[in-house]
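Below is the structure:
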């Protein structure tokens, strides 16, 4: 597997079998829904709301809206406006709160990427950068594979170091690590500071401001460079 130092995100809990690593990205994106008139052929589920028409071609939906697009229509709706991360999606469309699943984001606002969004935990809006559940995906990979990312957002995956760098360097970010034993016991570690450097910096990890129940093992990897099976940057 890839790592910062000798190990990555193990947190000293070797008997934990399920690991989900997410980063909540706090972006200041205006929450107005644009070009809503394009959606008129779609099916809406009515849960009581009000619309404000600003002009003949633009409809501004209040963020207290109780209208909700369902199923495939929601994904079409999200594509009308590119969102950088899961927090941006949640802010733009508050009704995604509590609706965990695979969403499309644009880390560089150009290239789309499928990610799993945790819209429930700790307020929601978490962009999952690593998801490990059942061992179905091999994480013992090369530098180039970790750079681009691998796996599928529906299951186990690594988002990709380039995208993690893009998402964590534009503003102050948080990291949350959630773990669960096979017995069902859970623990988490949360860091108020989290960023990953560029490839030229060997994806150097910056992490700090721990809180949680899983232990502060990542503190020992602060400042470490990323290491893979074919590129050792531990020394």
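Residue numbers (this note's numbering): 236 to 470.
Beta carbons: idealized from backbone N, C-alpha and C, even for Gly.
Here the structure is a predicted model, which is why all the values come from computation and not from measurement.
Measuring CA to CA, which of the options is closest to residue i?
i           : options            : result
residue 408 : 317, 321, 316      : 321
residue 463 : 342, 457, 394, 376 : 376
residue 434 : 450, 454, 404      : 404
residue 438 : 337, 469, 357      : 469
residue 398 : 330, 345, 453, 336 : 345
residue 386 : 400, 401, 343, 368 : 368
residue 402 : 417, 393, 343      : 343
Using C-beta distances below 8 angstroms, list every residue in its chain close to residue i, excluding the 5 sequence neighbours before and after it, in chain order.
i           : result
residue 341 : 317, 318, 319, 347, 348
residue 441 : 428, 429, 430, 431, 432, 457, 458
residue 333 : 354, 355, 359
Taking the C-alpha atoms as reference points, what is the distance between residue i and residue j?
i           : j           : result
residue 366 : residue 380 : 16 angstroms
residue 262 : residue 324 : Caution is warranted here: a pLDDT of 35 is assigned to residue 262, below 50, making its placement in the model unreliable, and no coordinate value can be reported.
residue 372 : residue 384 : 12 angstroms
residue 358 : residue 411 : 12 angstroms
residue 455 : residue 420 : 25 angstroms
residue 426 : residue 370 : 26 angstroms
residue 414 : residue 378 : 25 angstroms
residue 335 : residue 361 : 10 angstroms
residue 436 : residue 461 : 9 angstroms
Excluding five sequence neighbours on each side, which residues of the same chain lie with their C-beta closer than 7 angstroms to the C-beta of residue i?
i           : result
residue 448 : 422, 423
residue 395 : 382, 383, 384
residue 400 : 431, 432, 433, 438
residue 466 : 378
residue 331 : 324, 325, 354
residue 446 : 425
In its own chain, which residues sit with a C-beta less than 6 angstroms from the C-beta of residue i, not counting the 5 before and 5 after it?
i           : result
residue 256 : Residue placement at residue 256 is flagged as unreliable, the pLDDT there being 41, under the threshold of 50; the coordinate-derived value follows with that caveat. The answer, listed in chain order, is 244, 364, 365, 412.
residue 388 : 337, 349, 350, 351
residue 453 : 442
residue 444 : 426, 427, 428
residue 451 : 445
Query raised in the report: If you scan the stretch 358-393 from start to end, which runs of the alpha helix (DSSP H) of 4 or more residues do you find wholly inside it?
Result: 378-383
Suppose only complete runs of 3+ residues qualify. What are the beta strand (DSSP E) ranges in the stretch 388-435, listed by chain order? 408-416, 421-431
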